[in-house]
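*Asks:* Here the protein sequences come in this chain order: A and B. Count along the first sequence from 1, then add 52; that gives the number in my numbering. Count along the second sequence from 1, then add 17; that gives the number in my numbering. Beta carbons: idealized from backbone N, C-alpha and C, even for Gly. Structure in structure tokens, see below.
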Amino acid sequence: MRLVEQNFYKNYGKAVLFVLLLWQVLAWLAANPGLPGPIPAIKEFIGSWWPELARHTLISAYRVLLSLLLSLATAVPLGLWIGRCSRLDSLLGPVAYLLYPVPKVALLPVIMLLLGIGEGSKVALIFLVIFFQILVTTRDAARKIPEQLLLSVRSLGAGSWELYRQVIIPACLPEIFTASRISLGSAISVLFLSETVAGRSGLGYYILDGMLRAEYGVMFAGILAISFLGLILYALLDILEIFLCPWRYI
Amino acid sequence: MVQVEGVSYSYRNGLKVVKALVDIDFKLKKGDTCAIIGPSGCGKTTLLYLMAGLLKPEKGRVLIEGKVLSGPRDGTAVILQDYGLLPWKTVLANAALGLEIRGVAWRQREEIVRPLLAKLGLQGMEDRYPSQLSGGQKQRVAIARALALRQDLLLMDEPFSALDALTREELQDTLVKIQAEQQLTIIMVTHNIEEAVYLGKQIVVMGGMPGRVRAILPNPGAGRLGYRSRQEFHHYCSRVRGALGQIDYEAG
Ligand SMILES: Nc1ncnc2c1ncn2[C@@H]1O[C@H](COP(=O)(O)OP(=O)(O)OP(=O)(O)O)[C@@H](O)[C@H]1O
Ligand SMILES: [Mg+2]
Chain A
53 MRLVEQNFYK
63 NYGKAVLFVL
73 LLWQVLAWLA
83 ANPGLPGPIP
93 AIKEFIGSWW
103 PELARHTLIS
113 AYRVLLSLLL
123 SLATAVPLGL
133 WIGRCSRLDS
143 LLGPVAYLLY
153 PVPKVALLPV
163 IMLLLGIGEG
173 SKVALIFLVI
183 FFQILVTTRD
193 AARKIPEQLL
203 LSVRSLGAGS
213 WELYRQVIIP
223 ACLPEIFTAS
233 RISLGSAISV
243 LFLSETVAGR
253 SGLGYYILDG
263 MLRAEYGVMF
273 AGILAISFLG
283 LILYALLDIL
293 EIFLCPWRYI
Chain B
18 MVQVEGVSYS
28 YRNGLKVVKA
38 LVDIDFKLKK
48 GDTCAIIGPS
58 GCGKTTLLYL
68 MAGLLKPEKG
78 RVLIEGKVLS
88 GPRDGTAVIL
98 QDYGLLPWKT
108 VLANAALGLE
118 IRGVAWRQRE
128 EIVRPLLAKL
138 GLQGMEDRYP
148 SQLSGGQKQR
158 VAIARALALR
168 QDLLLMDEPF
178 SALDALTREE
188 LQDTLVKIQA
198 EQQLTIIMVT
208 HNIEEAVYLG
218 KQIVVMGGMP
228 GRVRAILPNP
238 GAGRLGYRSR
248 QEFHHYCSRV
258 RGALGQIDYE
268 AG
């Protein structure tokens with residue numbers, strides 16, 4: 053195992069331990085059934101994992117991943133293109149700035165009216181929120197590629213497709229990963245919200261249902277599941293970045 | 018081989034127009050070397066970009082091998098000052114980039130590039146990334162990338178200016194050897210009088226803003242190893258210094 057990977061596992065282990073400790077301390081301080089300690093929560097988590105909690109976790113994971121992939125697939129090419137074409141940027145830049153700050157969550161009722169309360173509206177809401185985050189970050193990354201780098205590769209005979217492949221895409225990859233991490237956080241919070249508003253599936257529903265039935269163990273099992281889901285997705289992003297941007301890990 | 022005929026160029030940023038070059042004229046024979054020297058801001062880099070086909074002249078034309086240049090030319094290699102190498106590619110992949118863009122298969126690229134890297138003293142560094150190299154080693158990779166395509170014209174923009182004196186002289190010698198071996202035509206932009214005299218059989222002295230050609234000095238002794246310690250060398254250095262000084266005098 054390479055050193056990078058060893059550190060990787062060690063760091064994640066430490067992080068989990070630290071959060072569990074903090075949680076235990078808080079639970080002691082609060083001394084309230086609404087905030088059980090990590091041990092009863094983990095017991096509840098293990099007890100209800102299969103098949104009920106697992107099903108909700110997978111559904112939530114599917115929604116987050118689908119909307120992240122959809123936004124990446126659309127916002128990254130568009131962002132790269134706008135960033136490399138100043139005329140397009142002066143046209144579309146202001147449009148992005150106008151739409152970016154609109155609180156998309158407030159549009160949830162509209163989206164539900166248009167797309168119903170199924171998968172479509174949840175994915176669409178997350179998509180709307182993170183699309184602009186990825187778009188703006190990618191565009192800014194594409195803008196600040198040193199002109200000399202592009203010129204020297206053009207002088208080797210590169211056409212515009214080769215320029216994208218050899219220079220523009222790799223130069224922006226680290227920032228695209230940063231945008232993905234930020235978006236993943238937003239995606240999970242928005243997902244939670246949309247799942248508590250409508251439908252009978254997903255971790256948002258599971259957690260809210262636990263709360264309404266005053267089963268705080270269940271509630272925290274759901275919260276554990278959602279944080280593990282986040283952790284696993286972040287870890288996947290980290291691994292993918294080590295794999296795709298090896299020059300940054302030397 | 019290279020003819021620059023009455024070339025002028027202006028940069029345009031929106032409504033602002035910056036005149037960079039006016040009526041540049043010079044010629045260079047195949048297999049010759051030329052150093053372009055002049056004060057900062059006189060348009061040396063702009064002239065190099067024009068000869069590389071990366072910019073188009075506003076007036077006049079650039080001919081290479083008798084053909085009017087209209088874009089980057091297959092037989093021309095360009096080495097720019099800092100940003101030549103891609104940080105995300107290894108030494109081997111960077112040196113093979115030109116070949117990759119031309120669609121040469123991986124196996125063949127390696128066959129061409131590995132011996133070149135070895136010749137330039139980069140053996141064992143093929144899998145490193147540019148950030149793991151010294152400045153001199155980076156320039157060697159850039160030279161390898163230019164040579165890999167077996168081009169006949171090499172354009173360089175202050176290639177050795179960021180290096181210490183020792184490394185710079187070492188690379189100048191490397192260049193002299195390669196030039197003699199392959200009959201390369203080399204045009205190099207430089208700030209350094211000794212470098213211009215050591216490498217340029219023809220020295221184009223530029224000056225002014227916008228830039229013009231102030232003098233073209235023949236320098237037949239250039240391109241020989243050991244030229245640096247000759248009497249002539251110092252004589253030509255003073256002549257170039259004189260030509261540059263005149264510019265200051267005229268401007269002041
Ligand atoms: N992209 C640009 N837009 C506007 N003006 C520019 C641009 N690039 C260069 N110039 C101007 O054109 C003139 C010539 O620039 P150039 O870079 O060719 O000079 P140089 O001789 O290479 O200088 P140096 O020795 O400092 O590298 C300068 O006055 C510069 O300010
Ligand atoms: Mg310059």
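1) How is the beta strand (DSSP E) around B:V34 delimited, first residue to last?
2) Scan the stretch 195-224 of chain A for residues whose Cβ lies nearer than 9 Å to a Cβ of chain B and list them as they occur along the chain.
3) Is there a Cβ of chain A sitting closer than 8 Å to that of B:P104, yes or no?
4) Between which residues of its own chain and B:K106 is the CB-CB distance below 6 Å, once the five residues before and five after are set aside?
5) Tell me the DSSP secondary structure of A:D192 in three-state form.
6) Relative to ligand 2, is the shortest distance from any of its heavy atoms to the C-beta of B:D99 smaller than 7 Å?
7) Is it true that the stretch 73-84 of chain B meets the stretch 127-138 of chain B, where meeting means three or more beta-carbon pairs spaced less than 8 Å apart?
8) Which one of B:L67, B:V39 and B:V24 has the shortest CA to CA distance from B:V206?
9) What does a CB cutoff of less than 6 Å around B:M142 pick up in its chain, not counting 5 residues either side in sequence?
10) Could you tell me the alpha carbon to alpha carbon distance between A:D261 and A:E104, rounded to whole angstroms?
11) Applying a beta-carbon distance threshold of less than 7 Å, which residues of chain B neighbour A:I259?
12) So which residues of chain B does A:W102 contact, with C-beta pairs closer than 7 Å?
13) Consult DSSP for B:Q20 and reduce its assignment to one of helix, strand or coil.
14) Taking C-beta to C-beta, are A:G269 and A:Y258 nearer than 8 Å?
15) Where B:P56 and B:L64 are concerned, what is the direct C-alpha to C-alpha distance, given to the nearest angstrom?
16) Would you decide whether A:R206 is buried or exposed? Buried here means 16 or more other CB atoms lie within 10 Å of its CB.
17) Strictly below 7 Å CB to CB, what residues from chain A border B:D99?
18) Anything in chain B within Cβ reach of A:I294, meaning under 7 Å, just list it in chain order.
19) Which same chain residues, not among the five before or five after B:K61, have their C-beta less than 7 Å away from its C-beta?
20) Can you list the residues of chain A that B:A69 reaches, using a CB-CB cut of under 7 Å?
21) When Cβ atoms are compared, which residues of the stretch 109-126 of chain B fall closer than 7 Å to chain A?
22) Given a cut-off of 8 Å on the beta-carbon distance, is the pair A:A287 and A:Y64 in contact?
23) Could you work out which residue in B:L102, B:R78, B:G31 and B:R167 is closest to B:L92 when comparing CA atoms only?
24) Determine the closest residue to B:E249 out of B:T50, B:N236 and B:L242, with distance taken between C-alpha atoms.
*Replies:* In terms of the structure at hand:
1) For the purposes of this step, residue 34 of chain B is taken as the residue at position 17 of the second sequence. Counting along the chain, the beta strand (DSSP E) containing B:V34 begins and ends at K33 to L45.
2) P198, E199, Q200, L201, L202, L203, S204, V205, R206, S207, L208, G209, A210, G211, E214, Q218, V219, P222 and A223
3) The sequence position of residue 104 of chain B within the second sequence is 87, counting from 1. Yes - at least one Cβ of chain A is within 8 Å of the one on B:P104.
4) As a working note, residue 106 of chain B is residue 89 in the second sequence. Counting only Cβ-Cβ distances below 6 Å, and skipping sequence neighbours, we find nothing.
5) Reading the first sequence from its first residue, position 140 is the one you call residue 192 of chain A. Reduced to three states, the DSSP call for A:D192 is helix.
6) The residue you call residue 99 of chain B lines up with position 82 of the second sequence. For ligand 2, not one heavy atom lies less than 7 Å from the Cβ of B:D99.
7) no
8) One-based indexing of the second sequence puts residue 206 of chain B at position 189. With distances taken between Cα atoms, B:V206 lies closest to B:L67.
9) As a position in the second sequence, residue 142 of chain B is number 125, starting the count at 1. So the qualifying residues of the chain are V108.
10) Residue mapping note: residue 261 of chain A aligns to position 209 of the first sequence, counting from 1. Residue mapping note: residue 104 of chain A aligns to position 52 of the first sequence, counting from 1. If you take the alpha carbons of A:D261 and A:E104, they lie about 13 Å apart.
11) Walking along the first sequence from the start, residue 259 of chain A turns up at place 207. By Cβ distance, chain B contributes nothing, its closest Cβ being about 42 Å from A:I259, past 7 Å.
12) The sequence position of residue 102 of chain A within the first sequence is 50, counting from 1. Chain B residues near A:W102: none, gap ~43 Å exceeds 7 Å.
13) For the purposes of this step, residue 20 of chain B is identified with residue 3 of the second sequence, where counting begins at 1. Strand, per DSSP.
14) For the purposes of this step, residue 269 of chain A is taken as the residue at position 217 of the first sequence. For the purposes of this step, residue 258 of chain A is taken as the residue at position 206 of the first sequence. Their beta carbons are not under 8 Å apart, which means A:G269 does not touch A:Y258 by this criterion.
15) Stepping through the second sequence from its first residue, residue 56 of chain B is reached at position 39. Stepping through the second sequence from its first residue, residue 64 of chain B is reached at position 47. Cα-Cα distance, rounded: 14 Å.
16) Within the first sequence, the letter at position 154 stands for residue 206 of chain A. A:R206 comes out buried.
17) Here the question's residue 99 of chain B lines up with position 82 in the second sequence. Within chain A, the residues near B:D99 are Q200.
18) Taking the first sequence and counting its residues from 1, the one referred to as residue 294 of chain A is at position 242. None at all; the shortest Cβ gap to chain B is about 13 Å.
19) For the purposes of this step, residue 61 of chain B is taken as residue 44 along the second sequence, with counting starting at 1. I53, G55, V206 and M223, listed in sequence order.
20) For the purposes of this step, residue 69 of chain B is identified with residue 52 of the second sequence, where counting begins at 1. Simply S207.
21) L114, G115, I118 and R119
22) Residue numbering aside, residue 287 of chain A sits at position 235 when the first sequence is read from its first letter. Residue numbering aside, residue 64 of chain A sits at position 12 when the first sequence is read from its first letter. Yes. Within cutoff.
23) Locating residue 92 of chain B in the second sequence gives position 75, where the first residue counts as 1. Sequence check: residue 92 of chain B is Gly here, not Leu. Among B:L102, B:R78, B:G31 and B:R167, the Cα nearest to that of B:G92 belongs to B:R167.
24) Here the question's residue 249 of chain B lines up with position 232 in the second sequence. Of B:T50, B:N236 and B:L242, the residue nearest in Cα terms is B:N236.
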